[in-house]
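A short worksheet on the structure shown next.
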Amino acid sequence: MDDLDRKHTTMARLSRDSNDSTSSIDSSTITTQENRRHVNREFDQDFINLDHIKDLARALAQDPYSGSEASSEHISIASPLPTPRRMGRRKKPVTSVPRDKDIIGTPKGISYTLLRFPLMIGIGTIIVIELILYIGLRQVVRAWESLFSWRGKRRRLRAKLRAAESYEEWCQAAEALDKYMGKDFWKESAPFGYYDYRLIQKVVRHLRLYRANAEHDVEAATNLKDVLYACLKQNFAGIENAKLYSNTYLGTKKLVEEYVDEVTRSIEALAKNKHISLEDKRLGFKLYSKNYGRTAFCLSGGAGFGYYHLGVIRELLDRRLLPPIITGTSAGALMGAIVCTRTDEELRQVLVPELANKIKFVHDSLIAHIVRYATTGAFFDSDHWCRLALWFCRGSLTFKEAYERTGRVFNVSVVPHDPHSPPKLLNYITAPNCVIWSAIMASAAIPGILNPMVLLQKTPRSNHLIPYDYGHKFKDGSLRTDIPTQTLYNSFGVNYTIVSQVNPHIHLFFYANQGSPGRPVTHRWGKGWRGGFLASAVEQFLKLDLTKWLKVLRDLDLLPKIMDQDWSYIWLQKFDGSVTILPKTNLLDWIHIVSNPTEERMKHAMDVGRARTWPNISMISNRLRIENAINRGRRLVRRQSKQDQKPLQQQQKRSSTMAMSDDASGSNDEVIFLAGRRASMPDGSGLLQEKEWHKEENRRRKFLAQFTDRREIIGDREIVTQEAESQAYDYNSDEDDESVI
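Spelled out as C-alpha cells, the structure:
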C-alpha cells in the first residue's frame, strides 16, 4: 500500500471505489450539468400504449369466477367472441356479500361474541397508552443526548458531519470524529467480543502464504482453493456482524479490512491459476457462490416516503454497490421498476430532481376523489395510474424482457385479493411474461386508495395483453410481506439483504440501543447504552409488549376485517435486513404523504436518502467486494472453459462417474470437491481409485477443520467456545504452515 493507504486504509479504498464510479467528479454535482444535456432523452419519451390500457380496463371488468372464456389466460381477448346462444330463463345469481356469520371458518360462540369487543377495547387502550409512553421516552432520550452527550468540540464535529454535501466530505468529518473519540486504537487492535479474531488472523496468514506460492507450487494452489472453501461462508467467524461497524463512524477493524483485501486477491489469483483444472475451478467457484450466498436490495412501501428510496438508489449506483437482485413493494416497487428497466447510463439521466415532473398520481380535486371513493371504493383511478406507470416501466416490458435488457432481477411482492391465499413474489422465473406495470399497480393497491388489480401478461402472436393467473386480483404486498426475505432465499439463494425502510409506521420503532453501522453510541464514549441502560430496557419492554398485544388481537381474531383485511400484519412482519437504511423524516413528509412532489421536495428527499446511506457504505462494500470477486471468477472460468473444451469434458466425465455413487440430495458437489485433489492436475492424470478417493476426502476434511468457524449460538447470542479460546496460535513460527502440507 502507498502512504495514503497506510494512513487511511478505509477512506482510501472507499474513495478509490468512488473514483471508479464517478470519474473523480463530486457525485452531488453530476446531475446539475452533465446530465441536463441528456435528461430529455428519457423524460421526453412517451411509452403510452392505448391498446394495453384498454386491455386493462377490459380485464378489470371481467369476473374471474364466472368461468367465461375471457378469464382464461390462454385465450386472447382480442379475438372475436362468438354470438351467445339463447338459453332458457335462469335465476338471477345472488350478488350480495355474505355476512360474517355465514362464512365458513368465521369464529362463533357465545363467549366469543360477548367478550370480543370488550377485549378489543381493553387491549386497544393498553396499546394506546404504551404507544404514548414509547414516543415520550424516545423524545426524552433525544433531548438528553442533545444536552449532555453532544457538547463542545464533539457537537461541532457532528455538525460538520451532518452538513457534508458529498461522501468525500462526510468521510473526512467522520474520520475526524473517530479520532476525537479515540476510535483509532479500537480499529488497530484485533480483539473484539463479536467475532473470532484469532481464526481471521490465521486465515489471512495462510491465504497470504498460499497465494504467494500458488503460481509455481501445485500444493500451494490446492491449499489456497481449500482455504477459500473454508472461509467463503455467510458471516464466517462473525465477520459480517453489524457490531463491527457500530463502534465507529467510518470503517471497522483493520483486521477485517485486511481479511476482505486478502480474500479478494486470493479469489482473483485462484481464477487465473494454471495448476488447477478448469473443472475443479468451475466446481470450486460454484460452491463458493452457493455457500457465500447472494445480496438483494429491498425497497419497502411507504407512499410519499418512497421518494427517499431514490437517494439511496443513486448513492449505491454511483458507488457501484447496487446489487443485481432488487425487490420492491408498493412505493418501493415503483422505484424498483425505474432501476430494473433501465441501464446505468439511463438511470443517471433519470435519478434527478426533475423526476418529480413525471410523478402526477394525484390529478383530481379533493371533491372528485371523494366522489370516486363513494362510487368505486377507491380514491384514485386505475386508468390514470396505468398511464403514469407505463413511463416508469419503459412501456409494457415483462419481467423477462427487463432482465434481458439490464441484467437485474426485479421482484415485486403482491398479495392475492383472497385473504386466505399466500403472497406471491413475481420475477422473471415465477412470472416471466407478466407485464411489470401491472405488477407495480397491484403492489400499490392499498384498500381504499386503489382497487385490487389484475395482472396482465404478453402472449405470442398478439399485440394485446391478457389476464394472468385467470384474472384473479391482487393488492398491496406490504400488507403481509413488505420484505420477502424467505422467498428470496428460496428462489435465488439470497442470505444478505440491504433494506431501504421508509414505512412511516415502522421506522419510528427502530432504536439502536447499542449503536448502528456508522452511528455509534455517544454515551460513555461509545461503550454504554443509548440514553443509559434503564432507558434502553424500558424501550425494549414497551416495544415487545406492544408486539405481544398485537399478536393477541391477531391470534384471537378480535379485530374486525376492515375492507376484508387483517391490519395487524402491517406491524407484525420482518421489516429489517442485514443492513437497514432509515430516512430522517419531518412533519412535512406526513402532510404530503399522498401528494405530488415538487422538484424542491424531490431534491431534499434524494439528498437525505444519500446522506443516510453513507454510514452503511463500509459494511455494504466489504460484503459486495467478496461477492463480486466470486462472480468475476466464475465468469473468467466460463471464458477459459470455452477455449479448452477437451480437458473439461474429461473432468466432467469423471465427476459424473463419482456423482452416480452419491445420493440425489445435491451434496455430491462437495464430495467431488473434497476428494478431487490429486485429480486436479491440468492434464487429468493421477485419477484415484475409490478407496483413494475416500482417503483423500478425509485428509482434506482434516485440513479444512483447522479453519472451521468455532463459534456457537446459545439462544440468540453468538459466543466463542472455551475450546477456541484456549487454543494459542504462534503467528511468528512456521509450524502451522508445515503441518498442513
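Those letters in the sequence shown? Residues 1 to 741, per full-length UniProt numbering, in order.
For each residue, glycine too, the CB sits at the ideal point set by N, CA and C.
Values in this document were obtained by computation on a predicted structure and should not be read as measured data.
- Three or more beta-carbon pairs drawn from the stretch 284-297 and the stretch 222-236 are found closer than 8 Å, and the two stretches are therefore classed as touching.
- Secondary structure remark: continuous alpha helix (DSSP H) runs of at least 4 residues inside the stretch 125-213, in chain order: 152-162, 167-180, 183-188 and 197-213.
- Residue burial annotation: Trp-590 is exposed, with fewer than 16 other C-beta atoms found within 10 angstroms of its C-beta.
- Between Pro-467 and Leu-425, the gap from beta carbon to beta carbon reaches 8 Å or more.
- Apart from the 5 residues on each side of it in sequence, Gln-540 sits with its Cβ closer than 8 Å to the Cβ of Asn-513 in its chain, given in chain order.
- As computed with DSSP, Ala-237 is found in no beta bridge at all.
- In the structure shown, the three-state DSSP call for Phe-297 is strand.
- A direct Cα-to-Cα measurement between Leu-310 and Lys-584 gives close to 14 Å.
- Here Lys-358 has Phe-43, Leu-388, Trp-391 and Phe-392 as same chain residues with Cβ atoms under 8 Å from its own Cβ, once five neighbours each way along the sequence are excluded.
- In this structure, the alpha-carbon of Asp-576 lies about 7 Å from that of Gln-501.
- Of the other Cβ atoms in all chains shown, fewer than 16 fall within 10 Å of the Cβ of Lys-561; this residue is therefore exposed.
- Rounded to the nearest whole angstrom, the C-alpha separation of Gly-528 and Gln-486 is 34 Å.
- When only Cα atoms are considered, Met-181 and Gly-136 end up about 29 Å apart.
- The shortest C-alpha to C-alpha distance from Leu-450 to any of Gly-395, Phe-509, Tyr-373 and Thr-459 is the one to Tyr-373.
- DSSP places Leu-351 outside both helix and strand once states are collapsed to three, so it counts as coil.
- Boundaries of the beta strand (DSSP E) around Ser-500: 494-500.
- Rounded to whole angstroms, the Cβ separation of Leu-355 and Met-120 is 43 Å, and the two are not in contact under 8 Å.
- Secondary structure of Arg-519 (DSSP, three-state): strand.
- Between Leu-397 and Gly-336, the CB-CB gap reaches or exceeds 8 Å.
- Counting along the chain, no alpha helix (DSSP H) covers Thr-580; the unbroken beta strand (DSSP E) around it starts and ends at 579-581.
- Annotated as distal: Pro-504 and Lys-475, with beta-carbon spacing of 8 Å or more.
- If you check the CB distance, Ile-326 and Asn-411 come in under 8 Å.
- Residues of the same chain with a CB within less than 6 Å of the CB of Lys-160, apart from the 5 flanking positions on each side, are Ala-173 in chain order.
- Trp-614 sits away from Gly-532, with the two beta carbons spaced by 8 Å or more.
- Just so you know, the alpha carbons of Ile-630 and Tyr-259 end up roughly 15 Å apart.
- By alpha-carbon distance to Ser-516, the top candidate from Ser-266, Leu-334, Thr-248 and Ser-330 is Thr-248.
- Within the DSSP secondary-structure output, Ile-466 pairs in a beta bridge with Gln-457.
- When secondary structure is reduced to three states using DSSP, Lys-473 falls in the strand class.
- Boundaries around Leu-546 are those of the alpha helix (DSSP H), 533-555, since no beta strand (DSSP E) includes it.
- Your pair Leu-133 and Leu-542 checks out as a contact, with CB atoms roughly 6 Å apart and the cut at 8 Å.
- Leu-334 has no beta-bridge partner at all, per DSSP.
- Within the stretch 351-412, the complete alpha helix (DSSP H) segments of 4 residues or longer fall at 366-376, 382-392 and 399-406, listed in chain order.
- Annotated three-state conformation of Gly-284 is helix, per DSSP.
- Buried is the label assigned to Ala-611, since at least 16 other Cβ atoms lie within 10 Å of its Cβ.
- Between Lys-360 and Asn-596 a beta carbon distance of about 5 Å is seen, short of the 8 Å cut, so the two are scored as contacting.
- For Val-552, same chain residues with a beta-carbon under 8 Å away, outside a window of 5 residues either side, are Ile-123 and Leu-558 in chain order.
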